[in-house]
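J.: Heads up, the sequence shown stops at 171 in numbering that gives the first Met the number 0, and the numbers go up one at a time, no gaps.
All C-beta atoms, glycine included, are put in the ideal place defined by N, C-alpha and C.
Below is the structure I would like to discuss, written out as C-alpha cells.
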Amino acid sequence: MRVFIYSNMKTLIIYDSVFGNTEVIANAIFNGFENKEDTRICKPDGFTPDLLKDVDLLIVGSPTRGFRPTKPITDMFESIESDSLKGVMASAFDTRVKLETIKSGALRLIVKAGGYADKTIAKLLRKKGATIIVPSEGFFVTGNEGPLYDTEIERATQWAKDIVSKFQAEQS
Ligand SMILES: Cc1cc2nc3c(=O)[nH]c(=O)nc-3n(C[C@H](O)[C@H](O)[C@H](O)COP(=O)(O)O)c2cc1C
C-alpha cells in the first residue's frame, strides 16, 4: 500500500514595491499557493526574523532599480543571520522593463549588462543558506511606473504553482 503524506508547505513571500507593480505580482504569486493558511506575505518593514521560524519556502521579490533590488530588500537580508536559511527552499523574482522597449541603443546595452534584481536576491538567498528550488523570474512593466503587461499576473500565479509542484516532487 502506498501512503501519501500530505506535507504542509509553510511559505513566506517578502516583496518591496515603489509604484505598486511588484506588489501586484507578489499578490498574484500568493494566489498561486492554494494553502493560504500556511502562506504569509509581507513587505520589509513588516519583516522580523522570527517570521522565518518553520518556513519551508521563502520567496523574495523587488523592483529592479539600477540593476539591483531596493535598499529595504538588501537591508532585510542584512537582518537575517548567516545560515539561518539552511534547509529552506527559496526563489526570487523582480519586475523590470523589457529591453526592446528602451529606445536608446546605448542605454539598452547598459541595462542588459547591468542585470536584474532577481539574480542579486537569489545570490543573497544562497548566501544565507537557502536552496534555490526554481530559477528566479522577471516580470515586465510597460514603463517605469507600470502598468504590468497583461500576461504577467497569470504568469506569476503559474510560477507559484510550478514552485508548489516542484516542492511536492522533492518531498515524495
Ligand atoms: C530609479 C529607477 C531605476 C530603474 N532601474 C531599472 C533597471 O536597472 N532595469 C530595469 O529593467 N528597470 C529599471 N527600472 C524600472 C523598474 O524596474 C520599474 O519601475 C519597476 O519594475 C516598477 O515596480 P514597482 O511598481 O513595484 O515599483 C528603474 C526604475 C527607476 C524609477
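When you compare only the Cα positions, how much space is there between residue 0 and residue 168?
T.: For the purposes of this step, residue 0 is identified with residue 1 of the sequence shown, where counting begins at 1. For the purposes of this step, residue 168 is identified with residue 169 of the sequence shown, where counting begins at 1. Since pLDDT at residue 0 reaches only 47, below the 50 mark, its modelled position is unreliable, and the value read off the structure follows with that caveat. Cα-Cα distance, rounded: 19 Å.
J.: Which term fits residue 16, buried or exposed, when burial requires 16 or more other beta carbons within 10 angstroms of its beta carbon?
T.: Reading the sequence shown from its first residue, position 17 is the one you call residue 16. It is buried - the Cβ of residue 16 has at least 16 other Cβ atoms within 10 Å.
J.: Grouping DSSP H, G and I as helix and E and B as strand, with all else coil, what is residue 58?
T.: The residue given as residue 58 occupies position 59 in the sequence shown. Three-state result, residue 58: strand.
J.: With three or more beta-carbon pairs closer than 8 Å as the criterion, would you say the region 115-123 touches the region 49-67?
T.: Cβ pair count under 8 Å is three or more, so yes.
J.: Tell me the rounded alpha-carbon separation between residue 177 and residue 122.
T.: Here the chain has residues from 0 to 171 only, and residue 177 is not among them.
J.: Consult DSSP for residue 91 and reduce its assignment to one of helix, strand or coil.
T.: On the sequence shown, residue 91 is found 92 positions in, with the first residue counted as 1. The answer is strand: DSSP assigns residue 91 an E or B state.
J.: If distances are taken between C-alpha atoms only, which option among 20, 19, 74, 164 comes closest to residue 46?
T.: What you label residue 46 is simply residue 47 of the sequence shown in a count that begins at 1. Nearest of 20, 19, 74, 164 to residue 46, Cα basis: 74.
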